[in-house]
Amino acid sequence: MTSIMQMITLGSVTFCLIGGVAALSAEQSFYPPALNNTAYIANSSIGTYGGIYRAPTNGPTEGTPYGIYDYCSMPHPRAQEYALPEPLEQGRAKGKLVYLEYLQRHQRRSPYNILPEGENQAYQCDSVRPYLYAGPNAASGVQPIPMYAQTYQDHTNPFTPGVNGTCQYPQITIGGVQDGYRHGRDLWAVYGQKLGLIPREPNSRVWFRSSNSPLTQATAGAVLRGVWPEYHGALPLHQMVSSVDTVNEGYSCSAVSSTLSDIESTTEWKAHLNVTAELRSILGSMLGATDSSWQGTFDHFSDNFQARLCNGYELPCSVANASNCVTVDMAEEVFRAGDWEWNYYWRTNPDAVKYIQVVEGLFIGEIISRLQAVIDGKSTVDYSHIFIHDGDIGPILGALGIDVLRWPAMGSNIAFEIWETKEKQSPFYARVLYSGHPVQSIYGTLDWVPLSQLVDILKRYVPDDIVSLCG
Ligand SMILES: *[C@@H]1O[C@H](CO)[C@@H](O)[C@H](O)[C@H]1NC(C)=O
Ligand SMILES: *[C@@H]1O[C@H](CO)[C@@H](O)[C@H](O)[C@H]1NC(C)=O
Ligand SMILES: *[C@@H]1O[C@H](CO)[C@@H](O)[C@H](O)[C@H]1NC(C)=O
Ligand SMILES: *[C@@H]1O[C@H](CO)[C@@H](O)[C@H](O)[C@H]1NC(C)=O
Ligand SMILES: *[C@@H]1O[C@H](CO)[C@@H](O)[C@H](O)[C@H]1NC(C)=O
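So the sequence shown is residues -23 to -1, 1 to 448, counted in mature numbering (1 follows the signal peptide of the UniProt record, and there is no 0).
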């Protein structure tokens, strides 16, 4: 897939040549200008618009050059490239980092969606140990054996999952663990060593949370080990009761599905299905993926293909005919269609504000209250790190008004940095990084924004009364 993309270096700046046409920087690979147009999907000369969708089984991995959109392992702040906000860099202002709200998607994993007629390759997860054990809330008393899940197949079980191997679907893969550790090392180098915000050892001013998914929990262990390689104790990973969780669509809300169904009834949505009719028909008959869960959106195809490519496997073939395989061109069109859908869900559909409110409004409200506590001098935490999903990162970037939204990929991250200055009127400024780059948004580049202004941008996405909105 990278064969159509060439890197050239001119002076100190690296550009990618895509299909020999456009030249773009790593950051530009996040913002395909034509994405809000269904013609983008069918245009094969766009390829992956500079994106990377392949990684070996073992990590750590990341795109080259640094900072490029990489579905398998998105970039994150790194000491080598990290620059202070412009006014500080240029000495026009003096400021100190006083708070970091860090949100990230879990790292790479096996797929959620197994092909309806089965997978022609096995997935192996023997190289990773998903731990699961419980003990008392004290160092004394019964200490459990660190048990881990070992998935196996039993030949007496007449049911088949449609795939051979030793994984659960989904589960974190060894590459995901290794990428997570690297992610944490790099965060330590920036926010610990360089900026002095993250403490040398976890203390009462750090706070962690995850969704109820083993993917985010496993990611937390790997990333935080990278932050604190020598730490010996255990740490609390805060979670809400799953039936009311404010991330990963935990609470039930009929307005989520009714809004989604409105979004998927528009002329634009239908046009995107129209331009992909031939592709969906080929994939449907090749892979037995003809029902509406596979045909109605590109979620399942995209999930299935990226999980293979991002863990060192090949694109799938028909189980009935080993020479009838998904081609790189087909996969790239699937990924372009997936990107179009994410941009549509969270940016350009007519109901985007309402959709963000019902899916993510409560969580956005929680972020605002932590930012407000910093403004009020009442914050009890300096570093909050929350492990969530693409379905959370997408609406938050939508609320921030990101210019263009590609699918928030593995390990994608948002860093809300809060800086305190000596200014009397407005001492607090925010910078918002998306996967290491200041967010380019309809409000301008979010590199140095008065914190109260950032709060105002986000506020309109917090519903006054979610309970009645949800019906
Ligand atoms: C996206 O495209 C639609 C349909 O052509 C248009 O109505 C809308 O204004 C566009 N939105 C943006 C943000 O460009
Ligand atoms: C396809 O994309 C290329 C850029 O890669 C652009 O020059 C061309 O105009 C596009 N074609 C269509 C039909 O949109
Ligand atoms: C899965 O394993 C079974 C039993 O060993 C074997 O018969 C089958 O061919 C395998 N399928 C694939 C796609 O490898
Ligand atoms: C989809 O394609 C069909 C047949 O080509 C056409 O009749 C219909 O108007 C198209 N719909 C949209 C929304 O583009
Ligand atoms: C298997 O797939 C290949 C590639 O699509 C095709 O050329 C061939 O005719 C197929 N074989 C059968 C038996 O369907």
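Where a beta carbon is used, it is the ideal one built from N, C-alpha and C, also for glycine. Small disclaimer: the values here were computed from a predicted structure and weren't measured.
Return the first residue and the last residue of the beta strand (DSSP E) that V409 is part of.
-> Within the sequence shown, numbered from 1, the residue matching residue 409 stands at position 432. It spans 405 to 411 - the beta strand (DSSP E) in which V409 sits, taken as one unbroken run.
Cβ atoms of A299 and N97: under 9 Å apart, would you say?
-> Taking the sequence shown and counting its residues from 1, the one referred to as residue 97 is at position 120. Taking the sequence shown and counting its residues from 1, the one referred to as residue 299 is at position 322. Yes; because the gap between Cβ atoms is below 9 Å, this pair is in contact.
C-alpha gap between K436 and I419, whole angstroms | Against the sequence shown, residue 436 aligns to sequence position 459. Against the sequence shown, residue 419 aligns to sequence position 442. Their Cα atoms are separated by approximately 16 Å.
If you check the beta carbons only, do H209 and N90 fall under 9 Å apart?
-> Residue numbering aside, residue 209 sits at position 232 when the sequence shown is read from its first letter. Residue numbering aside, residue 90 sits at position 113 when the sequence shown is read from its first letter. No; because the gap between Cβ atoms is not below 9 Å, this pair is not in contact.
To the nearest whole angstrom, what separates the beta carbons of D316 and R383, a pair I think is in contact under 8 Å?
-> Along the sequence shown, read from residue 1 onward, the residue named residue 316 stands at position 339. Along the sequence shown, read from residue 1 onward, the residue named residue 383 stands at position 406. Right, the Cβ-Cβ distance comes to about 4 Å (below 8 Å), so this counts as a contact.
Contact belief for residue 522 with L80 at Cβ below 8 Å, rounded distance in angstroms | Since the first residue of the chain shown is -23 and the last is 448, residue 522 is not available in this structure.
With respect to the alpha helix (DSSP H) encompassing L435, which residues constitute its N-terminal and C-terminal limits?
-> Locating residue 435 in the sequence shown gives position 458, where the first residue counts as 1. Unbroken alpha helix (DSSP H) run through L435: 428 to 436.
Beta-carbon proximity of V432 to Q334, cut-off 9 Å = Along the sequence shown, read from residue 1 onward, the residue named residue 432 stands at position 455. Along the sequence shown, read from residue 1 onward, the residue named residue 334 stands at position 357. The answer is no: Cβ separation not under 9 Å.
Enumerate in chain order the residues of its own chain whose CB-to-CB distance from V(-3) is below 7 Å, with the five nearest sequence positions on each side excluded.
-> Position 21 of the sequence shown holds residue -3. With a pLDDT of only 41 at V(-3), under 50, the local geometry of the prediction cannot be trusted, and no value is derived from it.
List in chain order: all unbroken alpha helix (DSSP H) runs of 4+ residues lying wholly within the stretch 87 to 165.
-> Listed in chain order, they are 151 to 164.
Any non-hydrogen atom of ligand 3 within 8 Å of V218 CB = For the purposes of this step, residue 218 is taken as the residue at position 241 of the sequence shown. The answer is no for V218.
Going by Cα to Cα distance, which pick from L212, S190, T357, V204 is closest to A116?
-> Reading the sequence shown from its first residue, position 139 is the one you call residue 116. The shortest C-alpha separation from A116 is found at L212.
Is it the case that the CB of R383 approaches a heavy atom of ligand 1 more closely than 8 Å?
-> Translated into positions along the sequence shown, residue 383 becomes position 406. Checking every heavy atom of ligand 1 against the Cβ of R383, none is found closer than 8 Å.
Name the residue from Y125, S412, R408 whose alpha carbon lies nearest to the alpha carbon of P385.
-> Counted from its first residue, the sequence shown places residue 385 at position 408. For P385, the nearest C-alpha among the options comes from S412.
Assigned secondary structure, V(-3) (DSSP; H/G/I helix, E/B strand, else coil) | For this step, residue -3 is matched to residue 21 along the sequence shown. Caution applies to V(-3), whose pLDDT of 41 falls short of 50 and renders its modelled position unreliable; the value that the coordinates give is listed next. DSSP places V(-3) in coil when its eight states are reduced to three.
Where Y406 and C294 are concerned, what is the direct C-alpha to C-alpha distance, given to the nearest angstrom?
-> Here residue 406 corresponds to residue number 429 of the sequence shown, with the count starting at 1. Here residue 294 corresponds to residue number 317 of the sequence shown, with the count starting at 1. When rounded, the distance between both Cα atoms is 52 Å.
Can you give the Cα-Cα distance for V358 and W184, rounded to whole angstroms?
-> The residue labelled residue 358 in the question sits at position 381 within the sequence shown. The residue labelled residue 184 in the question sits at position 207 within the sequence shown. V358 and W184: Cα-Cα distance of roughly 7 Å.
Can you tell me which of the three DSSP states N288 falls into?
-> Translated into the one-based positions of the sequence shown, residue 288 becomes position 311. N288: coil per DSSP, three-state reduction.
Mapping DSSP to helix, strand and coil, what is W425?
-> On the sequence shown, position 448 is the one that residue 425 refers to. Note: W425 maps to coil in three-state DSSP.
Could you tell me which residues DSSP pairs with Q81 in its beta bridges?
-> Residue numbering aside, residue 81 sits at position 104 when the sequence shown is read from its first letter. Its beta-bridge partners are F364, N390.
Going straight from the alpha carbon of Q430 to that of V119, what length do you get?
-> The residue you call residue 430 lines up with position 453 of the sequence shown. The residue you call residue 119 lines up with position 142 of the sequence shown. Answer to the nearest angstrom: the Cα atoms are 51 Å apart.
For F7, collect the residues of the same chain with a Cβ closer than 6 Å to its Cβ; drop the 5 residues on either side in sequence, then sort them by chain order.
-> Within the sequence shown, residue 7 is the residue found at index 30, counting from 1. Taken in chain order, the residues that qualify are Y46.
DSSP bridge partner residues for F185 (one or two, in chain order) | As a position in the sequence shown, residue 185 is number 208, starting the count at 1. The partner list for F185 (beta bridge, DSSP) reads H362.
Whose C-alpha, out of R408, G388, D367, I391, is nearest the C-alpha of E397?
-> Here the question's residue 397 lines up with position 420 in the sequence shown. By alpha-carbon distance to E397, the top candidate from R408, G388, D367, I391 is R408.
Of the residues I352, T304, C230, the one placed nearest I443, counting alpha carbons only = As a first step, residue 443 must be located in the sequence shown, where it is residue number 466. Comparing Cα positions, the closest option is C230.
Proximal residues to Y438 (C-beta, below 6 Å), its chain only, five neighbours per side dropped = Taking the sequence shown and counting its residues from 1, one reaches residue 438 at position 461. So the qualifying residues of the chain are I333, Q334, G338, I341, A376.
Less than 9 Å separating the beta-carbons of L164 and I175?
-> Counted from its first residue, the sequence shown places residue 164 at position 187. Counted from its first residue, the sequence shown places residue 175 at position 198. A contact, by the Cβ cut-off of 9 Å.
Neighbouring residues (CB closer than 5 Å to any heavy atom of ligand 5) | N298, S300, N301
Cα-Cα separation between I151 and C102, rounded to whole angstroms | To locate residue 151, count along the sequence shown from 1; it is residue 174. To locate residue 102, count along the sequence shown from 1; it is residue 125. Our two residues, I151 and C102, have alpha carbons roughly 7 Å apart in a direct line.
Could you check the C-alpha separation between L92 and G173 for me, to the nearest Å?
-> On the sequence shown, position 115 is the one that residue 92 refers to. On the sequence shown, position 196 is the one that residue 173 refers to. Spanning the two alpha carbons is a distance of roughly 47 Å.
What do you get for H414, buried or exposed, if any count of 16 or more other CB atoms within 10 angstroms of its CB means buried?
-> In the sequence shown, residue 414 corresponds to position 437, counting from 1. With 16 or more other Cβ atoms within 10 Å, it is buried.
C-alpha distance - V140 paired with E94, whole-angstrom precision = Sequence index remark: in the sequence shown, residue 140 carries index 163 (1-based). Sequence index remark: in the sequence shown, residue 94 carries index 117 (1-based). When rounded, the distance between both Cα atoms is 9 Å.
In angstroms with no decimal places, state the Cα-to-Cα distance between T253 and Q272.
-> For the purposes of this step, residue 253 is taken as residue 276 along the sequence shown, with counting starting at 1. For the purposes of this step, residue 272 is taken as residue 295 along the sequence shown, with counting starting at 1. The alpha-carbon atoms of T253 and Q272 are separated by roughly 10 Å.
Whose CA, out of H366, G371, P62, lies closest to the CA of W425?
-> As a position in the sequence shown, residue 425 is number 448, starting the count at 1. The residue with the shortest Cα to Cα distance from W425 is P62.
Which of helix, strand or coil DSSP assigns to Q216 | The residue you call residue 216 lines up with position 239 of the sequence shown. Q216: coil per DSSP, three-state reduction.
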